[in-house]
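In the numbering used here, the protein residues as written are 1 to 389.
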């Protein structure tokens with residue numbers, strides 16, 4: 001059976017690291033978004049249930065179907081948007097807006113509109129976009145030396161030794177060393193783990209013009225521009241030709257179905273997907289899809305166990321998470337920059353894309369990934385424009 005033949009320890013660890021990074025980097029924002037809508041503790045647990053199952057089933061299902069790493073995520077900029085946009089709205093009104101947003105995402109995928117927009121982005125700009133999105137994690141990994149020098153230095157040395165001696169298991173080695181050093185220094189906090197299973201709570205949707213304009217449309221725009229755009233760029237930069245339209249449509253349908261339980265918006269992942277698509281997941285690109293399948297399994301566990309898994313992930317020190325993510329992404333960042341800077345004709349435009357994206361610039365509620373493409377496309381147009389004769 002190919003599934004068992006393609007499974008590997010390195011892919012499983014890559015999937016775990018992707019989930020670890022995805023949750024610890026933004027789960028607090030999701031909590032804040034739910035709180036702004038007046039969510040009860042039961043509804044907050046239901047959000048974890050819906051988000052975990054939604055990400056898990058779509059990641060594992062799509063990856064197994066296409067035999068390519070397809071990792072989905074919740075919309076982090078969408079959650080940040082809800083913190084302010086959700087103020088004063090009822091949970092029912094927000095659920096109605098989530099369903100409308102899911103419908104718009106599904107239509108953008110089913111009609112091929114989003115794929116046609118992505119096809120217009122040159123490869124050099126897409127690679128620079130990916131490198132810029134991931135660069136912040138590498139910066140944070142090395143900046144963590146200021147607060148936990150011993151822990152991060154040991155992890156860095158483990159990474160360097162692993163890349164030379166056993167490249168396929170470099171990231172598992174980094175994670176193992178990080179956990180061992182954190183335990184030795186008393187940085188692991190396991191006391192906050194509660195093993196109560198999560199239970200779904202249904203909230204009836206309420207549709208309104210205010211919810212459409214104030215939540216649904218902005219949530220759709222930031223999810224497509226700040227999440228799905230770099231997500232597709234990550235796939236293409238890694239050499240995968242996964243069909244864009246059906247994948248986007250599936251994430252929209254997942255949002256539509258799980259919205260009444262707290263699944264506010266699902267999309268393609270970029271940062272965590274890069275962990276599953278890099279050489280650290282497996283030397284053979286054809287077997288890296290198992291990393292996304294493993295991540296899907298971990299996401300499903302989070303959904304079913306709810307607070308227990310969230311508490312387990314929160315037990316790791318922040319510096320350990322930042323370091324393992326940054327070091328795991330170094331190879332992907334280097335490959336992206338190599339592709340982006342290869343062609344003289346597009347090098348400067350690609351550099352602008354990288355710098356704007358890496359800067360973290362956010363305008364009008366849209367994150368830097370979108371503005372990086374806009375700036376790079378503008379530079380490319382100006383450099384190569386010729387007046388009509």
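Don't be surprised by glycine CBs; every beta carbon is placed ideally from N, CA and C.
Separation of the CB atoms of residue 67 and residue 289 is rounded to 5 Å, and the pair is thereby assigned contact status at 8 Å. Residue 331 places its beta carbon 8 Å or farther from that of residue 283. By the Cβ test, the stretch 103-117 is in contact with the stretch 242-256, since at least three Cβ pairs between them sit closer than 8 Å. Rounded to whole angstroms, the Cβ separation of residue 71 and residue 59 is 5 Å, and the two are in contact under 8 Å. If you check the CB distance, residue 56 and residue 336 do not come in under 8 Å. By DSSP's assignment, residue 73 forms a beta bridge with 267. Sequence-distant partners of residue 223 (beyond 5 residues in either direction) whose C-beta falls short of 6 Å from its own C-beta, in its chain, are 75, 78, 265, 267.
Judged by DSSP secondary structure, residue 164 falls within the alpha helix (DSSP H) whose first and last residues are 149-165. The shortest C-alpha to C-alpha distance from residue 209 to any of 198, 41, 93 is the one to 93. Residue environment analysis places residue 204 among the exposed positions, since fewer than 16 neighbouring C-beta atoms fall within 10 angstroms of its C-beta.
In the DSSP assignment, residue 318 falls within the unbroken alpha helix (DSSP H) covering 318-328. Going by beta carbons, residue 368 and residue 360 fall inside the 8 Å limit. For residue 8 and residue 291, the gap between their C-alpha atoms comes out near 9 Å.
Note that the C-beta distance between residue 218 and residue 81 is below 8 Å.
Residue 363 and residue 166 have their C-alpha atoms some 43 Å from each other. With respect to residue 277, residue 238 sits close: the two C-beta atoms are nearer than 8 Å.
Residue nearest to residue 383 within the set 346, 174, 298, 153 is 346 (criterion: CA-CA distance). Scanning the stretch 209-267 from its first residue to its last, the whole alpha helix (DSSP H) runs of 4-plus residues come out as 217-223, 229-237, 244-258.
Rounded to the nearest whole angstrom, the C-alpha separation of residue 226 and residue 37 is 23 Å. Under the rule that a run must span 3 or more residues, the beta strand (DSSP E) segments found entirely inside the stretch 33-82 read 72-74. Look at residue 121 here: in three-state DSSP terms it is coil, with no helix or strand label. Between residue 157 and residue 327, the alpha-carbon positions lie close to 11 Å from each other. Between residue 63 and residue 69, the alpha-carbon positions lie close to 5 Å from each other.
From the listed residues 123, 122, 285, 261, the smallest Cα separation to residue 46 is found for 261. Counting only residues of its own chain and dropping the five nearest sequence neighbours on each side, residue 83 has a CB closer than 6 Å to the CB of 32, 33, 36. Pairing residue 343 with residue 285, the inter-Cα distance amounts to about 25 Å.
Taking a 10 Å sphere around the C-beta of residue 137, we find 16 or more other C-beta atoms and assign the residue as buried. Judged by their CB atoms, residue 274 and residue 329 are nearer to each other than the 8 Å cut-off. In this structure residue 151 touches residue 181 by the C-beta definition: roughly 5 Å separates them, less than 8 Å. The alpha-carbon of residue 207 is positioned some 24 Å away from that of residue 41. A distance below 6 Å between beta-carbons, with the five flanking residues on each side excluded, links residue 127 to the following residues of its chain, in chain order: 237, 336, 339, 340.
According to the DSSP assignment, residue 172 belongs to the alpha helix (DSSP H) that extends over 170-184. Scanning the stretch 282-311 from its first residue to its last, the whole alpha helix (DSSP H) runs of 4-plus residues come out as 289-305. Residue 177 sits buried, since 16 or more C-beta atoms from the chains shown fall within 10 Å of its C-beta. Residue 19 is positioned such that its CB atom lies closer than 8 Å to that of residue 299. For residue 99, the enclosing alpha helix (DSSP H) has its first and last residue at 91-110.
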